[in-house]
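Going by my numbering, the first residue of the sequence shown is number 2, and it counts up by one from there. For glycine and all other residues, C-beta sits at the position ideal for the given N, C-alpha and C. In what follows, a structure is listed as structure tokens, so that the remarks can point back to it.
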Amino acid sequence: MSRGGSQQATLAALAANIGIAVMKFVAFLFTGSSSMLAEGIHSVADSGNQGLLLLGRSRSKRGPTPAHPFGYGRERYFYAFLVSVVLFFGGGLFALYEGYEKISDPHPLESWPWAVGVLLGAIVMEGLSLRTAVRNANRLRKNRSWTRYIRDAKAPELPVVLLEDAAALTGLAFALIGVTLALITGNTVWDGVGSVAIGVLLIIVAVTLARETKSMIIGEAASPEIQRSIEDVLRDDDVIAGYTQLRTLHLGPEDLLVAARVTVAGHRESDAVAEALGETERRIRDRVPIASVVYLSPAPADQRERRQDDQDQVKRR
């Protein structure tokens, strides 16, 4: 569900942004609006961002290689990080520059009905795109807040599209307010102020995206719920007398590495231990389907007993 939902939301956002970008640039040609140009560049950047997300999904599906034995799942995080860079430089800084130019050297708006009409049409299209993203995200969000969902999400596409669409709608509102105030007051400085507000908004969103994706690139553990499921399997297994050093690491949104040091109950031959732990690993994968790589390192119980006997003998000496 998460795979199909995130791809559907990304494609919907891509289609919306391409259409909106064309509308905004046409409106800019007729009006000379700084806010409209900033919004047009913003939509182009967003379209490129959706393309990057789709490219990341495609490249992450490559299988393991000798150079990358755990596959390319994290490539999705890399391309999501590139999205934040494009949004910062291609959207935020450009909008700030355009706003500064408009404030320092105001130009009159021309054919203002074009600007208002395009902005209203863009708001409708962005709203439809955001509705698609929200509908798909709600299937995964459950009772979590939106902030918690974005922070906890391991697949980057839906959070990126959600933040982009929300920023786009807010930016369109800023642009509409700027154009409207410029028309009412006759002072086109307001158009530049709208562009500056759009730039600040995009930079905030870009920094937020960069911070969240950086954490995934470095490597994050599984959610507490998934870790508890793994621990339940280990505790309920008759072969496992105890475990330590349980570690999890996301190799990608749907790929999880699980490693633990386990104490095997009773006295067993090495072949029997390997077979028993293989069955335990299978049960972990059944309980946690994304656990694609599971390593259980055995430490037989009699080893602890021998170590304790050696220590007792040393003390007696």
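For residue i, three-class secondary structure by DSSP
i	result
H43	helix
T66	coil
P225	helix
S298	strand
R262	strand
D238	coil
D153	helix
D256	strand
D233	helix
G72	coil
I19	helix
R305	Note on R305: pLDDT 46, under 50, position unreliable in the model; no value is reported.
A292	coil
G33	coil
Span separating the alpha-carbon of residue i from that of residue j
i	j	result
A292	S298	16 Å
Y166	V117	First, the amino acid is wrong: residue 166 is Asp here, not Tyr. C-alpha separation (whole angstroms): 19 Å.
E280	E158	35 Å
L278	A16	49 Å
N18	I227	36 Å
W147	A168	14 Å
L88	V259	35 Å
Y150	E276	39 Å
P160	D272	46 Å
F95	I104	14 Å
S224	Y101	44 Å
S35	A123	16 Å
V190	T181	11 Å
N327	E270	Shown here, the chain extends from 2 to 318; a query on residue 327 therefore has no answer.
S7	E255	13 Å
V45	A211	19 Å
L56	G93	23 Å
Run of the alpha helix (DSSP H) containing residue i, from where it starts to where it stops
i	result
I204	V190 to I219
L129	W113 to R142
D287	S271 to R288
L182	E158 to T186
F95	F95 to S105
Which listed residue (the options) has its alpha carbon closest to that of residue i
i	options	result
S48	A13, K155 and F29	A13
A22	P254, H43, L177 and G172	H43
D265	N188, S271, D192 and V240	It is worth fixing the name first, because residue 265 is Val in this sequence and not Asp. Of the listed residues, the one whose Cα sits closest to V265 is V240.
F31	W113, L83 and S105	W113
K155	L184, R75, L247 and A273	R75
L120	R236, G195, Y296 and R63	G195
L173	L184, L202, N188 and L250	L202
Residue range of the unbroken beta strand (DSSP E) whose run includes residue i
i	result
D248	It should be pointed out that residue 248 corresponds to Arg in this sequence rather than to Asp. Note, R248: beta strand (DSSP E), I241 to G253.
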